[in-house]
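A quick write-up on the structure given underneath.
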Amino acid sequence: MSVKHNIQTTDLLIIDEVSMVSAKTFNKVEVLCRKVRDNNKYFGGIQVILSGDFYQLPPVPNKIIGDSGSHCFKLPWFDDCFPHKVQLNIIHRQSETALIQCINALEKGEVSNENVAFLNSLDRPLPNEDTAVHLYARNYDVDIFNYNKLQQLQGDLKTYKSTDVGSDFYLRKFLAPKNLGLKVGCHVMLVRNLSDTLVNGLCGTVTQLNSDSVDVKFIISNKLSTVTLKPVVFTTYDPADKEYLAKRTQIPLKLAYAITIHKAQGMSLKRVVVNCEYCFQPGQIGVAVGRAEQVEGLRVCNFKKSMCRKHPSHVSDFYNNFTLGILKDDLSCCRHVIENNGEKNDDSDSDDDDNDDDDDSNDNTCTYAIDDNFNSDSDFSDSEIEKLEVLDSFIETNVLTKDQSSSQAKAAIDSVFNEYVGSHLENDMKSFKMTILENFSIFDEWYQSQISIIEDIGLISLPEGEKNYTAKQQHDFFMKFHKHLNSEEYVNSVKSTISMYSKDEGTSAIYYQFMTAILFYLERRFFEDLPSHLNLQEPESIKNIPTSDELSSPARGKIRYISGYVLAKLKHNLSIKIRNSLFAVGSESKIAKLQDQMNILSSLCSSYDVLLNSSIDPESLEETKRKQNERESLTNITDVTFDFFSKLETLCRQKLSHINLVEHGKNLFSYVTDEILNDKCLFDLWVQTLTSNYNIQYTSSDNIHNIIHSITLSSENYIDIYNSAVHLFLKVSFSQFRRDYLTFLKKKNGCFVRCHLYLLFFPQFKIFSQLKISAK
């Protein structure tokens, strides 16, 4: 209980690098301090000092705990709690004017031509570059660089394999690698806080490799100290279900020849090579360049002016409203602690103004339902906040009573939230869920009132005691249900309930969606025990847009966007396979093959800026631009790649039809997949696409055996990637076809008839076993 004791006895709390602390985390720390100290004042009466630069990297989103990564100063109580803001203008790390000015410009996203020229001049080899630390935006690039670097180091390689339990999805989020490859003399970094001196990010050198431990020499308090490190347990905990999702037992080390820019924030480096590729976040390149102490120890590669992006307006607004506040000579202004009124301190922190509502009226048939926030090539940045799940667990455990935890309302929240797991709204929904649990009684009161209304509608439309219900009676229930759903009474009740949790207009629409999903949950629950008998008329065939029709520019843009998603997903999956294979015994040939596939996929992509100047169809780029998130990291495809996926989309429209659905039923996806994969014209176009973008790498010194091997390997990879790309594109198309068909049936026969489609796609769904579908 040392943490609890520290909170209870602390007078002053200093939080450094506060720009990387999210609003959700910051709010939970405040709540935790207040509850542990049993003091209804901000932070339980602790004096708090913050330091940091919000023009540097923003907080890292964490979907596992529902954290959208909003800045802490967006909390409604922030200015009340922190009235004094002081600008620190003396720079200690650098002394060269040109470097300082360039770093400031990069962090703000206001780069001049002089700054660009200065950065371009830094793309040259460094003296003793072998000893420089390399900075990358992605963990994938860091791991590949470290892998190759260790291979070049003399000595025997020893691999420490982790012991894993739980979901692969969560296991790959751990900083500790699956396979830890080390050699004596290699540079490493701690990835876990072990003590007050052995902290996350501390770098050292391996001195000895033991059977189940590693000896590492660190510099601690200006003294050399050798420490024996043994495996520790890394965990991911779900506070909602109160269970561990994943556990990994591994020595808490990573190779440190290269690190991510996120991990480097706060460091000072004598020699550093900054690779700007895949830098999409505002301030990211500024943070990387700012690690250098002098120009002579800094190299900058792959820099483009278009990579420099400004921070969201709320960051500049924060600095524009910067004020020292009212200072008193006796400093009583700092000792005064403002009372917390409870209502201000909510946990809604999302600033995602996600206006991704698609207007499909002019898109012909090219609309798809996929994860809009799949961050393609940017990935996988390190979160600097460890064990954040403890805060969620503390709040839920200490706020809900036993009865509340097992109540119908809590079950409804969990069920609805699970529907959003894996979607781009998961983090927002989890944030709202945790907010509800912190003040559960408000939601429970609303929930009980809605149950009463649904039951009243049911008693009127479907009287108790009847053995069978006619289609007319059930139709009457749905009419009354939807009338209530669109009523002023319902809308006001939802808005009123949401307002008690959050005043942020940017999140209200998302929270409204969650509450409405609760109502549909009640609708489903109401019908679970009711026998259902419907006599359905044959539906008209769903309208298909002829493949001869020319698609509009928004429709073509969606093909670009979805194709980019497909390639990004494949690259993401490849990166996981490669990283899991690094240092595994006998994996060298496998890694070489996977890296060749990664190079092939990369050759199909381009940057938005290059396409804007070179594409023969610039109008189709607008959809991708519109879909971009704040990091502007969606994958863009070349024009040649776009031609291939346009042909694939045409085939999808031909094969995904009402007639084929009726004929093949639950086997529709398999039928369409086989038909398209065996289309010779499509495969020929795929080969032309790849050969126009990707060149097999070999030199004049390679013998004929090596050349044939390279050609064979690439040909095999062509086929593998073709199958994967087509299959994934079809999954997206098939998902949208199912959604369109559900909408069509709803319009034709009412909401209840939706259930018959589940019999076609999900034969295990047995509730409405008498429903049938036929074609005209």
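Numbering (this note's numbering), first residue to last: 3 to 778. Don't be surprised by glycine CBs; every beta carbon is placed ideally from N, CA and C.
Taking Lys733 as reference, the option from Glu651, Val689, Gly667 and Asp686 with the minimal CA-CA separation is Glu651. As DSSP reads the structure, Phe236 sits in a beta bridge with Arg250. Of the residues Tyr246, Pro63 and Lys160, the one whose Cα lies closest to the Cα of Leu427 is Pro63. With 16 or more other Cβ atoms inside 10 Å of its own Cβ, Leu439 counts as buried. Within a 10 Å sphere around the beta-carbon of Glu625 sit 16 or more other beta-carbons, which makes this residue buried. Spanning the alpha carbons of Met502 and Val496 requires a straight line of approximately 10 Å. Ranked by Cα distance from Asp158, the options Gly187, Thr133, Leu173 and Ser164 are led by Gly187. By alpha-carbon distance to Val493, the top candidate from Lys26, Lys432 and Ser510 is Ser510. Per DSSP, Ala511 has no beta bridge partner at all. Under the criterion of beta carbons closer than 8 Å, Leu152 and Gly111 do not qualify as touching, at roughly 36 Å. With fewer than 16 other Cβ atoms inside 10 Å of its own Cβ, Phe324 counts as exposed. When DSSP states are grouped into helix, strand and coil, Gln738 belongs to the helix group. The C-beta distance from Ile261 to Met309 rounds to 19 Å, too long to meet the 8 Å contact threshold. Inclusion of Glu295 and Lys272 in the CB contact set at 7 Å is warranted, their separation being smaller than that value.
By the Cβ rule, the segment 231-241 counts as touching the segment 250-259, because three or more pairs are nearer than 8 Å. Taking every protein chain shown into account, the CB of Gln597 has fewer than 16 other CB atoms within 10 angstroms, so this residue is exposed. Counting the other CB atoms within 10 Å of its CB gives His189 a total of 16 or more, which places it among the buried residues. Within the segment 414-449, the complete alpha helix (DSSP H) segments of 4 residues or longer fall at 428-440, listed in chain order. Sixteen is the threshold: since fewer than 16 other Cβ atoms of the shown chains lie within 10 Å of the Cβ of Leu487, the residue is exposed.
Rounded to whole angstroms, the gap between the alpha carbons of Leu204 and Leu211 is 19 Å. Per DSSP, the continuous beta strand (DSSP E) segment holding Asn277 begins and ends at Val274 to Asn277.
The alpha-carbon separation between Arg140 and Ile580 amounts to approximately 14 Å. Phe171 and Gln283 have their C-alpha atoms spaced approximately 24 Å apart. Counting every other CB atom within 10 Å of its CB across the protein chains shown gives Gln154 a total below 16, marking it as exposed. Of the residues Ser215, Asp214 and Val167, the one whose Cα lies closest to the Cα of Tyr239 is Val167.
A contact between stretches requires three or more CB pairs, one per stretch, nearer than 8 Å, and the segment 406-421 fails this requirement with the segment 36-47. Distance check between Asn441 and each of His484, Cys303, Gln656 and Ile500 places Ile500 closest, using alpha-carbon atoms only.
Here Glu491 is exposed: its Cβ has fewer than 16 other Cβ atoms, across all protein chains shown, within 10 Å. Here the segment 264-279 lies against the segment 123-142, with 3 or more beta-carbon pairs under 8 Å apart. When only Cα atoms are considered, Gly566 and Ser554 end up about 19 Å apart. Per DSSP, the continuous beta strand (DSSP E) segment holding Gln49 begins and ends at Gln49 to Leu52. In this model, Tyr743 and Lys435 are separated by some 31 Å (Cα to Cα). Leaving aside the five residues that flank Asn148 on each side, the residues in its chain whose CB is nearer than 8 Å to its CB run, in chain order, Lys256, Leu257, Ala258, Tyr259 and Ala260. Look at Leu226 here: in three-state DSSP terms it is strand. Across the structure, Leu692 and Asp619 are spaced so that their CA atoms are roughly 20 Å apart. In the three-state reduction of the DSSP assignment, Phe731 falls in the helix class.
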